[in-house]
Structures are given as C-alpha cells and as structure tokens.
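Here is the structure we will look at.
Structure representation (structure tokens):
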C-alpha cells in the first residue's frame, strides 16, 4: 500500500487526502493548528460561533463534482440554503442601496434603475460569461499546464481566444456599462480572487456567471461544516488526522521527498508528500536550498493578494438593516485599489464586507444577538502598530454605522476580536501576511507556481498559490489537479465520476 503525507489541513489538503484515501493510499494529514481547516477555520466565544475566513459558498457545481468523485452527495453532508437576497450593497457618498438576487429578471430591473438600457446588456454579458465559464471548466481550470505549449493545441488556442486574457476587467466591463455603480457591481467579485479590476484579466468575467446565474448559498452551521464533511469522508477512507504537529522540514534523498521532520523531532516517512501549507513557506522554509523550485527571490517579485483587517463582533440585539452578505463600496475605487497594490497605505475610503450569518442561521449567535464578521481588504505587508490597529478599528466601526445604519454600535458590542496580517502570518505562515495567496494578475493567472516540484519527483502542491488559484471551490480543483498528476491523468476537464 502506498503511503502519503499531507502537510496542512486546509480545504485543498483535506480534499487531496480524501481522494488518495479513497484510492487506497495510507494517508496522514499533519496540521500545525489545533483545528483542521486552514483559513476556513472557526472559533466560538460567549455563545457566538464565527467562521474565521471564507464565508461565500459559490460554484456549487464544483462542490457537487468533487463530492461525487468521493462517492458522496453534497446534500448528505451539507444543509445548503440559497440566499435571498444574495447580498446587499451600500454606495458611500449617496443614499443608494441595492439588493442583488441571482434572479435575472429582478437583477435586470435593478440594473435598469441604475443605468437605463443596461438590462439587456446584462443579459448579453451573462450569456457570454456562461459560455466562457464552460470553456474555462472544460479546457483550463481542470488541466495541468507545464509550459506555454500546453496552451496552444488547436482546441485550447481557439477557445482561449474567447476568454479575453489580454484585457483587464475594468476595460472589458466599461465597453458595455458606463455608470460607476453598475461597473462596481460587476467588478467587486474580483476581491474574491485577491485582485483589482485594473490588473485582473477579463477572462474572470466568469465570476459574474458564478454570481448572477449560479446563485449564492450558505451551509447551515457555517462554512466550517464543509471542513467537517471532508474530514468525515476522509475518515471513512482511512485518512488519519494529526493536529498541533507543525512540520519543520521536508526530508529528501536522491531527488525524492522521503517524508517530514516535525518540530518535535519526530520523523515520518512516505511514498508521496503533498504540501497544502503556504507555498512560499514550503519552498523557502521547509525544503533545503538544493530542493527548492521557487526560492525567496521568486516570491519577492510576485503580486500578493490583499491582507485583511477583520473584526469579529458579537452584538446585543438584532440588526435588521443587514442581510447575510453586505458590501460597502467606497467612492474612488482606483485610488483604494492603488492603496492595496501600488502604494501601500491604510485605505482612507475603503470598500469592505460584512457577513451577518445569524440573519440566516440563528445558531450562530445567542438568542436576540447578532454575529458580525467585518473584513476590510488592506495591503499585504503593511506596517502595523497597535495604535494603527486601534485607529482603524474605530474607522471600521464608524463606517459600519454610517453605511448600514447600525445604531448604538459601540455600546452593543458584547464580544470583539481583531484579526490582522500579523495573525495570518502566525497562524498560517502566510507570506507577506496575505489573506489569500498570490493575486490573479494577468501573468499570475496563466503562470502560477506549478503543483509539482521540479526538484523532487514526488512532491506536490495544493492550495491557493498554485493552480488554478484562490477560493474554496478552486482549492478543491487544485486537489483534483494534484491527484491527476499522481495517477497520470492528462485530461483537460474534470475527472469522470
């Protein structure tokens, strides 16, 4: 029986472990933290339950496919609710507030109010987005690429030309929509990719299909229920999980990874090693210099996705002005994105996100209380003192009161926790304190770090910094891509179920 070690119990690592366990490998997952889940972690305090990271359940087709690969059905593990509305948007500097529903007729009405004549443009845009999503799934997202030549076989080249790779999202959207509000509604999804509409290729218009056509869902009990489901499936197939066992080194011999040494000194050996740890950390800290494909100078040149300034708030009383997902858009997006990617500074007019899962799921907060997750994207590696954190905490609270009409906010806080780039680095070895990994810029979309080491033939990578990129469903695809490597499958689309 072949043995495998998985470093890191994030969603990509858990997916890899379950796939290999189902195939008959003897698999052990090694997680440095007390709980599995990686950035999809959670904690409980004073009757509140907080998902710490991801909070949007998107791309249900990817989850359904992955669970089916494991011989399972999503509905046997997750109690999914389609959100209605999908989310609410407040536009700072005006009284404008809109709800989006992932219901085309209703969303067309909203677009027409914001920009007369844009309703039909939205229908046309989403038809194109759906077509491009199908191409991306069939030819790109589930395919391992090792060189430029993997992109230029006749079918891939012909279809790839339809994906608008060499134009940024803002230019692409501006050709069909002219008002600031509508453009922002179609561009905000890029934050999920850790990118900006000014540096992200227009092929990511597929995010609009994911949002408007496929819908936004919520698994009752919180996002961590996905982690529990993957752990249970892995356990069914013999996967062993060890927590609070940080890895200090990947052991190597004669061009192969032979196992790992834990910080405790214990050594474990295996036929395969898969790292779901932060990829920069794996390459620059866990591997000896001669075994590194991507040394420190490689990462220093990369564009990181934003970090995040997060407030976990438990409030006394309900907040009817909020829905489950809420977005507040600042007025000058170009300046705000510049303060994240180009000239790092604390955003002075930030866009931000508020999740209020207790609006949908009362189990997330004590009766008569509300659970809020407030996230402000900020530059990775931003200089940060305790005084900076205190100042920005007050700014975030003031904006929440202003943008979403949350009265007496400060006096209603009964639980509060702040989470910053320092915590991302400490908890997840996140390079630069990024909340997500490598941004999906034009270059970093087509040429992300590969998911197999060039120096060690049996070392594989999964997670947000390898292919195909950022997000829970995308990390499940990364698990499938690594699995394809291991079993020798070179197909371009999803594995047959």
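In our numbering, the protein residues as written are 440 to 936.
Quick reminder that beta carbons are idealized off the backbone N, C-alpha and C, glycines included.
Keep in mind it's a predicted model, so treat the numbers as computed, not measured.
Asked: Which of helix, strand or coil DSSP assigns to residue 899; Found: strand
Asked: Burial state of residue 457, where buried means 16 or more other Cβ atoms lie within 10 Å; Found: buried
Asked: Supposed close pair residue 608, residue 629 - CB separation, criterion 8 Å; Found: 6 Å
Asked: Per-residue DSSP class, three states only, for residue 808; Found: strand
Asked: Residue 645 to residue 571 span [Cα, whole Å]; Found: 6 Å
Asked: Boundaries (first-last residue) of the beta strand (DSSP E) holding residue 490; Found: 487-490
Asked: DSSP three-state assignment for residue 640, whether helix, strand or coil; Found: strand
Asked: C-alpha gap between residue 641 and residue 525, whole angstroms; Found: 23 Å
Asked: Terminal residues of the beta strand (DSSP E) in which residue 520 lies; Found: 519-521
Asked: Per-residue DSSP class, three states only, for residue 878; Found: coil
Asked: C-beta contact flag for residue 721 and residue 883 at 9 Å; Found: no
Asked: Between the CA atoms of residue 934 and residue 591 - distance to the nearest angstrom; Found: Residue placement at residue 591 is flagged as unreliable, the pLDDT there being 49, under the threshold of 50; a coordinate-derived value is accordingly withheld.
Asked: Closest Cα partner of residue 885 within the set 481, 639, 510; Found: 639
Asked: Candidates 455, 750, 910, 531, of which the one nearest residue 852 by Cα; Found: 750
Asked: Span of the alpha helix (DSSP H), counted from its first residue to its last, around residue 621; Found: 619-626
Asked: Distance between residue 836 and residue 447 (C-alpha atoms, nearest Å); Found: 34 Å
Asked: Residues sharing a beta bridge with residue 769, DSSP; Found: Note: residue 769 sits in no beta bridge, so no partner.
Asked: Residue 626 versus residue 669 - alpha carbon distance; Found: 31 Å
Asked: Among 678, 673, 707, nearest to residue 687 - alpha-carbon criterion; Found: 707
Asked: Pairwise C-alpha distance: residue 498 and residue 522; Found: 14 Å
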